[in-house]
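Visitor:
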Amino acid sequence: MHMTLEETEALVKSVFEANGVLTETARSVARALVHAEAAGQYGHGLRRIPAYIGQARSGKVDGKARPVATRPRPAVLSVDAALGYAYPAFDLAVAELPAIARKQGVALGLVHRSHHAGVMALTVERFAELDLVALMFANAPASMAAWGGRKRLFGTNPIAFAAPVAGEDPLVIDLALSTVAAGKIMAAKQKGVDIPEGWAFDVEGVPTTDPNAALKGLMAPSGGAKGAALALMVEILAAGLTGSNFSYEASSFMEEKGTPPSVGQMLIVIDPSAGAGSAAERIAELAREMTAEERVRLPGRRGQTSRRTAIEQGLDIEDELIASIRALA
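Under the numbering used here, the first residue of the sequence shown is numbered 9, with each subsequent residue one higher.
(1) Buried or exposed: where does T78 fall if 16 or more other Cβ atoms within 10 Å of its Cβ makes it buried?
(2) Identify the continuous alpha helix (DSSP H) that holds S122 and give its terminal residues.
(3) Using the Cα positions of H120 and L240, report the straight-line distance between them to the nearest angstrom.
(4) Would N147 pass as a contact of E263 if the rule is Cβ separation under 7 Å?
(5) Leaving out five residues on either side along the sequence, give the residues of the same chain with a beta carbon under 6 Å from the beta carbon of D210.
(6) Nearest by alpha-carbon distance to G48: which of R310, I61, A331 and I333 is it?
(7) How close, in whole Å, do the beta carbons of E104 and L130 come, if the pair is a contact with beta carbons under 8 Å?
(8) Please report the residue range of the beta strand (DSSP E) in which M262 lies.
(9) Give a yes or no on contact between the region 106-115 and the region 25-32, applying the rule of three or more CB pairs nearer than 8 Å.
(10) Output needed for A331: all residues of its chain with C-beta closer than 6 Å, excluding positions within five of it in sequence on either side, in chain order.
(11) Let's test the definition: count the other Cβ atoms within 10 Å of the Cβ of R81 and tell me whether it reaches 16, buried, or not, exposed.
(12) Check this for me: beta carbons of W155 and A208, under 7 Å apart or not?
(13) How far does the beta strand (DSSP E) with T187 in it reach, from first residue to last?
(14) To the nearest angstrom, how far is it from the Cα of R74 to the Cα of A190?
(15) Should S151 and P96 be called a contact, given that it needs their Cβ atoms to be closer than 7 Å?
(16) Locate the alpha helix (DSSP H) running through M298, then write down its first and last residues.
(17) Within the continuous alpha helix (DSSP H) that includes A40, where are the two ends?
(18) Once DSSP output is grouped into helix, strand and coil, what is the label at Q312?
(19) For T164, which of G62, A246, L185 and S286 has the nearest alpha-carbon?
(20) Tell me whether the region 267-277 and the region 169-189 touch, counting them as touching only if at least three CB pairs, one residue from each stretch, are closer than 8 Å.
(21) Given that a residue counts as buried once 16 or more other Cβ atoms are within 10 Å of its Cβ, and exposed if not, what is P204?
(22) Going by DSSP in three states, A148 sits in which element: helix, strand or coil?
(23) Hey, out of H123, R110 and D324, whose CA is closest to G71's CA?
(24) Compare the C-alpha of G53 against each of A59, G175 and E45 and name the closest.
(25) Return the chain-ordered list of same chain residues with a C-beta closer than 8 Å to the C-beta of D177, the five sequence neighbours on each side being excluded.
(26) Counting only runs that start and end within the region 65-106, where is the beta strand (DSSP E) found for 3 or more residues in a row?
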């Protein structure tokens, strides 16, 4: 089925509202999921809706929660997501952190009692569009072992970064510290297809191409020991410093039942003019130097191009997926 982004957002918003989610929250979640789909990040897009709705119905996520922000220090914004969806908390951070960063030079956003962070590129990019540099860290329910271990300890624990580029779209980096994001394995399971070798291990620590075995087993860290060490760093930044559940304490983002995941996210927002007034121009010089070489593309461009095409031409969505979403209303 072919739908415009506006039609898709309206449908998704209506389904969440039909399940008792506040209108402003439904709008925030719908925009995040639809734009993830538009960016080609299908594992964080429309296929998340059944789990999101199931958790609203079971009370694992509070669809009526309103995020609350406080300022414990001049440069710090603490956001309580109140055991609701993460996206309204991110909207609040995007609304308040830029002014803090411009006044202080840097702003720290601490999000706690939170949920699935989705495509973090979409959040950090919003700061770069305001001529700010942003870093974001998030922990997630445990799916990776410490290097040499076999016990689920860390999540896929993504890192995202965005910086303004004079005269161009922002430069955006968004990566999970597992070889792939868990959403890609979830999407493979829903489609009934195998996953590539090197993505995951089964419960015995044996490499597997079966998405069902992978979801019960362990995600493979990107870069081996280095990826596992970075996952530990993110665990401390996103959970340890925000007062959130560590990954091994958090319940699944995929399952409908259980206690709230109550994970955390950290945002670091920098006003580049505090250091170099010409930062965006200098970054543009670096970008030109990179892309002068054949086959080199700036990080984030594929998703930006995909979203731009979707905004202009709409989305082609599988009929069974649309039917499953409508059935949730």
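Cβ coordinates follow ideal geometry from the N, Cα and C atoms, glycine included.
Guide: A quick look at the data gives this:
(1) That one is exposed.
(2) Segment V114 to S122 is the beta strand (DSSP E) holding S122; no alpha helix (DSSP H) there.
(3) Going by the C-alpha atoms only, they are around 18 Å apart.
(4) Their beta carbons are not under 7 Å apart, which means N147 does not touch E263 by this criterion.
(5) Beyond the five residues adjoining it in sequence on each side, D210 comes within less than 6 Å, by CB distance, of T216, A221 and G225 in the same chain, given in chain order.
(6) Taking only the C-alpha atoms, the option nearest G48 is R310.
(7) With 8 Å as the limit, E104 and L130 do not qualify as a contact, their Cβ atoms being about 18 Å apart.
(8) Looking at the DSSP string, M262 is not in any beta strand (DSSP E), and its letter there is neither H nor E.
(9) Not touching, per the Cβ criterion.
(10) Within the same chain, A331 has no close Cβ partners at all.
(11) Exposed, by the Cβ-count rule.
(12) No, the pair does not count as a contact, with Cβ atoms beyond the cut-off.
(13) Here T187 belongs to no beta strand (DSSP E), and DSSP marks it neither H nor E.
(14) If you take the alpha carbons of R74 and A190, they lie about 27 Å apart.
(15) Between S151 and P96, the CB-CB gap reaches or exceeds 7 Å.
(16) M298 -> alpha helix (DSSP H) spans A287 to T299.
(17) Taken as a continuous stretch (DSSP letters only), the alpha helix (DSSP H) holding A40 covers T31 to A46.
(18) Helix at Q312.
(19) Of G62, A246, L185 and S286, the residue nearest in Cα terms is L185.
(20) Note that the region 267-277 does not touch the region 169-189; fewer than 3 beta-carbon pairs, one per stretch, sit closer than 8 Å.
(21) By the beta-carbon neighbour count (other beta carbons within 10 angstroms, threshold 16), P204 is exposed.
(22) If DSSP states are grouped into helix, strand and coil, A148 belongs with coil.
(23) Cα-wise, what sits closest to G71 is H123.
(24) The candidate whose alpha carbon is nearest that of G53 is E45.
(25) Counting only Cβ-Cβ distances below 8 Å, and skipping sequence neighbours, we find G308, R309 and Q312.
(26) Listed in chain order, the beta strand (DSSP E) runs fully inside the region 65-106 are 76-81 and 84-88, counting runs of at least 3 residues.
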